[in-house]
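Visitor: Got a structure for you, written out below as structure tokens; questions coming shortly.
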Amino acid sequence: MNIGTVLELLKKYAWVVKLAFTALLATQLAMLVNTRVEAKLGAIQVVDVDHVKVAQAAAFTSISEYDPILEKNVFNSDYVWVKSDGPSSTESRPEDYELLGTVAWNDTFSMAIIRSRTANKDDVYRVNDPLGDDAEVKDIERKRVTIERDDGRIEVLELPEAVLPLQMASNSPMFERGVDVGEGGIKKVGDGAYVVDKGVIEDAFSNWGNVMRGARIVPHFDRGKISGFKVKRIKSNSIYKKLGMEDGDIIHRINGKEITGPDDAFQLMAELKNANRLSMDITRGGERRSFSYDVR
């Protein structure tokens, strides 16, 4: 075959040559790109489809991980949060303790009032405090406290949903003496001054659960330090309402004693049951005010 014949064939089948050359070039480019991608991302592995489904499911954040935000209500929102499942198999309800109330904030400031049924005694507990001889408080949430026994068992104390209305004892000393203290056992006698039937105080503090559920109490901070406690969402039948308090009031002192932490607040509240005279210094609407209560 002479050179002329070869040139004639190249002209006739030039499109085939171009197509083959283009395919070869594309293949080389694809191999180059694949090499670069592997260098960046690592080798591509073939994964079983079922494994992929499991990995994708695990990647989802369970809604239960948001429980602390919802239960502690850090955004102070009104909601009803209902869990569809009960306690896990590792949790149980202790019969020797009863939860009366909580102030849920963080591990430093959260506190709970727990009654020992065996000792018939109420006390205030914080996270990591020992409970009795064989348990420790592990977590305090709104309406819920988790404790751990020495043998590793996890138990949960919860506040009952039902709230009994505060009632005044019909045989209280004030009624026996026939002194008029007004409707509900409390009478306003001046600006910030009240006369209170002792039965109102005794009845209120005989049930710590009602006291704690009567309002939401949260620490009030001023320049990074606790400067009293703010009372919010006061229920109409609560002791707070009876004492003339309003939503947003900040209690700074009780009977002249500064409230600088939850310990002070609970200790003073416990002392009120037997007090003959009460005084409170509060802030309402940015104004400092004082209230006094003559307990008879």
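Position 54 of the sequence shown, counted from 1, bears residue number 76 in our numbering, the numbering being contiguous throughout. Note that beta-carbon positions come from the ideal geometry of N, C-alpha and C, so glycine has one too.
Would S132 and I162 qualify as a contact pair, given that the criterion is a beta-carbon distance under 8 Å?
Guide: Their beta carbons are under 8 Å apart, which means S132 touches I162 by this criterion.
Visitor: Smallest Cα separation from V233: which of R171, R166 and Y262?
Guide: Of R171, R166 and Y262, the residue nearest in Cα terms is Y262.
Visitor: Would a C-beta distance cut-off of 8 Å place D156 and D172 closer than the cut-off?
Guide: Their beta carbons are under 8 Å apart, which means D156 touches D172 by this criterion.
Visitor: Which residue wins for smallest C-alpha separation from D129, given the options N142, D118 and N150?
Guide: Looking at the Cα atoms, N150 is the closest of the given residues.
Visitor: Report the three-state DSSP secondary structure of R164 (helix, strand or coil).
Guide: Correct three-state label for R164: coil.
Visitor: Under 6 Å Cβ to Cβ from T140, same chain only, skipping five residues before and after it: list those, please.
Guide: Within the same chain, T140 has close Cβ partners D118.
Visitor: According to the Cβ coordinates, are E177 and E158 closer than 8 Å?
Guide: In this structure, E158 does not lie closer than 8 Å to E177 by Cβ.
Visitor: Starting from K257, trace the alpha helix (DSSP H) both ways and give me its first and last residue.
Guide: Neither: K257 is in no alpha helix (DSSP H) and is coded neither H nor E.
Visitor: Let me know if K220 comes out buried or exposed under the rule of 16 or more other beta-carbons within 10 Å of its beta-carbon.
Guide: Classification of K220: buried, given that the 10 Å Cβ count is 16 or more.
Visitor: What does the alpha-carbon distance come out to for the pair A134 and K210?
Guide: C-alpha separation (whole angstroms): 33 Å.
Visitor: Going by beta carbon distance, what residues of the same chain come within less than 8 Å of I239, once the five residues before and after it are set aside?
Guide: V125, F251, K252, V253, K254 and A287.
Visitor: Could you pull out every residue in the same chain whose Cβ sits closer than 8 Å to the Cβ of F243, ignoring the five residues on either side in sequence?
Guide: Excluding sequence neighbours, F243 sits near S249.
Visitor: Report all residues from its chain with a CB closer than 6 Å to the CB of H274; omit the five preceding and five following residues, and keep chain order.
Guide: Contacts found: G250 and D303.
Visitor: Is it buried or exposed, K247, if we count other Cβ atoms within 10 angstroms and call 16 or more buried?
Guide: The residue is exposed, with fewer than 16 neighbouring Cβ atoms inside 10 Å.
Visitor: Taking Y216 and I208 to be in contact with their CB atoms under 8 Å, please state how far apart those CB atoms are, rounded to whole angstroms.
Guide: Indeed, because the Cβ distance is near 6 Å, the residues count as touching under 8 Å.
Visitor: Can you give me the C-alpha to C-alpha distance between E309 and D271, rounded to a whole angstrom?
Guide: Their Cα atoms are separated by approximately 10 Å.
Visitor: Our contact map puts I256 next to M267 with C-beta atoms below 8 Å; I'd like the distance itself, whole angstroms only.
Guide: The Cβ separation is near 6 Å, so the contact holds.
Visitor: Which of helix, strand or coil does DSSP assign to R235?
Guide: Helix.
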